[in-house]
Amino acid sequence: MTTLSHAGKVVVRKSSEPFDAFAVRDAVQQDHQWQEMLRMQQQIQILQALPLGCLAVAVPYHYYNCAGSMYRPYMHQNQELFIQIDPPKIPQVK
2 MTTLSHAGKV VVRKSSEPFD AFAVRDAVQQ DHQWQEMLRM QQQIQILQAL
52 PLGCLAVAVP YHYYNCAGSM YRPYMHQNQE LFIQIDPPKI PQVK
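In the numbering used here, the protein residues as written are 2 to 95.
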């Protein structure tokens, strides 16, 4: 009996190259949170172009504020789309 498994993307690098495993872990965790947020969204609005007057925001992640509607850029089949998101929760600095 043969069992097949797929590991996904595998990256091979030289051991002499610098590597930050914690940064990779954090990026994977953020991507997972992003995917979960999309799944929980009741109605997903996807735009091919943002309306005029949108403001780019970089904290806590890159998104656009368009007159109170928030959109996050997303690459799909080499085309940038904008998916409407709930307003992000910005952590308070103590």
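Beta carbons are placed, not taken as given, at the ideal position from N, Cα and C, and that holds for glycine.
Counting C-beta pairs with one atom in each stretch, the region 79-93 and the region 43-60 have three or more that are closer than 8 Å, which means they touch.
For Phe83, the pairing in a beta bridge is given by DSSP as Leu48 and Pro74.
Linking Pro89 to Pro61 through their CA atoms gives a straight-line distance of about 7 Å.
For Leu53, the three-state secondary structure derived from DSSP is coil.
For the pair Arg73 and Ile86, the CB atoms are nearer than the 9 Å cut-off. Val58 has Tyr64 as its beta-bridge partners, per DSSP.
Take the alpha-carbon of Met76 and the one of Ser17: they are about 32 Å apart. Secondary structure of Phe20 (DSSP, three-state): coil.
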